[in-house]
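J.: This structure is in structure tokens; I'll ask about it shortly.
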């Protein structure tokens, strides 16, 4: 029942928590242990510099999303859906999607704390207040595909969106991605949670985001060009999936999925 649901909280996923959630020993696998995650080299801890693994940040993202639905204004009235967004980006290692693995990480965190009560992560999932968007391979797709899944599930588009991601990516979402799909600026917000960083880490992160995150999207807002398109394919994006994601939706939305931005988008 999605009556009154009009708020979308998106958690952008960036790694894969790989323990088998159906295995009897699953509760023994803590999401705080870096060895239980498939991480990119730059996401791993570095004892020489004191850099912690970024899996802790990923866990913080999903827990912040769960907390948003269970506490505070969104908990009143049951009007929000939490969308974990991320596809199977490491198919040489696992067929598990980032989104499903984040759900498993949140479950493991609750089991570790001895929590099995009503209102937990599993309860949100069973009540369709936690949904898995399992196709996105980049930040624009995180936003767009989550909006489309919200529409297919509820029959409407969200009135408001909160994106939980790294703080250093806020400009990318607010200044590039939302305008690229003509999403109204007053109906989207970012809740940013960054990794632990030293001064040098921060400087390198800001520079890296500008050069390899913001700038490419500035040049190619829909990510259909050679550089960003190649990244999508490397992360497992299958273009034949696109038609399924917009099946039964409005013609301007179908056109958007094919790279044409219309003035008649239904949101």
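Residue numbers (the working numbering): 7 to 273. The beta carbon of each residue, even a glycine, is placed where N, CA and C say it ideally should be.
Which residue from 184, 41 and 239 puts its Cα closest to that of residue 142?
T.: Minimum Cα distance to residue 142 is reached at 239.
J.: How long is the line joining the alpha carbons of residue 198 and residue 75, rounded to whole angstroms?
T.: So the two alpha carbons sit approximately 17 Å from each other.
J.: Taking 8 Å as the CB-CB cut-off, is residue 269 touching chain B?
T.: The displayed structure is made up of one protein chain only, and chain B is not part of it.
J.: For the alpha helix (DSSP H) containing residue 109, list its first residue and its last residue.
T.: Where residue 109 is concerned, the enclosing alpha helix (DSSP H) stretches over 104 to 118.
J.: For residue 212, is the classification buried or exposed, using 16 other Cβ atoms within 10 angstroms of its Cβ as the cut-off for buried?
T.: It is exposed - the Cβ of residue 212 has fewer than 16 other Cβ atoms within 10 Å.
J.: Within the continuous alpha helix (DSSP H) that includes residue 130, where are the two ends?
T.: Note, residue 130: alpha helix (DSSP H), 127 to 132.
J.: Could you check the C-alpha separation between residue 189 and residue 170 for me, to the nearest Å?
T.: If I take the Cα positions, the gap works out to 17 Å.
J.: Near residue 258, which residues of its chain fall below 7 Å by C-beta distance, leaving aside the five closest residues on each side in sequence?
T.: 268, 270, 271 and 272, listed in sequence order.
J.: Does any heavy atom of the ligand SAH sit closer than 7 Å to the C-beta of residue 209?
T.: With respect to small molecules bound, the structure shown includes none, and the ligand SAH cannot be examined in it.
J.: Assuming residue 139 is part of the alpha helix (DSSP H), what are its boundary residues?
T.: It is not in any alpha helix (DSSP H) - residue 139 instead sits in the beta strand (DSSP E) that spans 136 to 139.
J.: Suppose the cutoff is 6 Å on Cβ atoms and the five residues either side in sequence are ignored; what does the same chain contact list for residue 136 look like?
T.: The residues are 88 and 130.
J.: Suppose you measure from the CA of residue 115 to the CA of residue 161; what does that come to, to the nearest Å?
T.: Looking at the two C-alpha atoms, the distance is approximately 32 Å.
J.: Sort out for me which residues DSSP pairs residue 197 with in a bridge.
T.: 170, per the DSSP bridge assignment.
J.: Give the straight-line distance between the Cα atoms of residue 39 and residue 126, rounded to the nearest whole angstrom.
T.: Distance between the alpha carbons of residue 39 and residue 126: 22 Å.
J.: Taking the alpha-carbon of residue 186 as reference, which of 241, 227 and 77 has the nearest alpha-carbon?
T.: Cα-wise, what sits closest to residue 186 is 227.
J.: What is the C-beta distance between residue 108 and residue 11, in whole angstroms, given that I count them as a contact (C-beta under 8 Å)?
T.: That pair is no contact at about 21 Å.
J.: Let's test the definition: count the other Cβ atoms within 10 Å of the Cβ of residue 55 and tell me whether it reaches 16, buried, or not, exposed.
T.: Result: exposed.
J.: So the candidates are 29, 30, 62 and 71; which of them puts its Cα closest to the Cα of residue 41?
T.: Nearest of 29, 30, 62 and 71 to residue 41, Cα basis: 62.
J.: Terminal residues of the continuous beta strand (DSSP E) containing residue 14?
T.: Counting along the chain, the beta strand (DSSP E) containing residue 14 begins and ends at 13 to 18.
J.: In chain order, what are the residue ranges of uninterrupted alpha helix (DSSP H) at least 4 long that sit wholly in the region 189 to 248?
T.: The region 189 to 248 contains these whole alpha helix (DSSP H) runs: 205 to 214, 221 to 225 and 232 to 240.
J.: In the structure shown, what three-state DSSP assignment does residue 38 receive?
T.: Looking at residue 38 - three-state DSSP - the assignment turns out to be coil, as it is neither helix nor strand.
J.: Just how far apart, CA to CA, sit residue 43 and residue 90?
T.: So the two alpha carbons sit approximately 17 Å from each other.
J.: Which residue's Cα is closest to the Cα of residue 149: 111, 93 and 29?
T.: Among 111, 93 and 29, the Cα nearest to that of residue 149 is on 93.
J.: Enumerate in chain order the residues of its own chain whose CB-to-CB distance from residue 60 is below 6 Å, with the five nearest sequence positions on each side excluded.
T.: Closer than 6 Å at the Cβ level, and outside the excluded window around residue 60, lie 49 and 201.
J.: Which partner residues of residue 43 appear in the DSSP bridge assignment?
T.: In the DSSP output, where bridge partners are listed per residue, residue 43 has 23.
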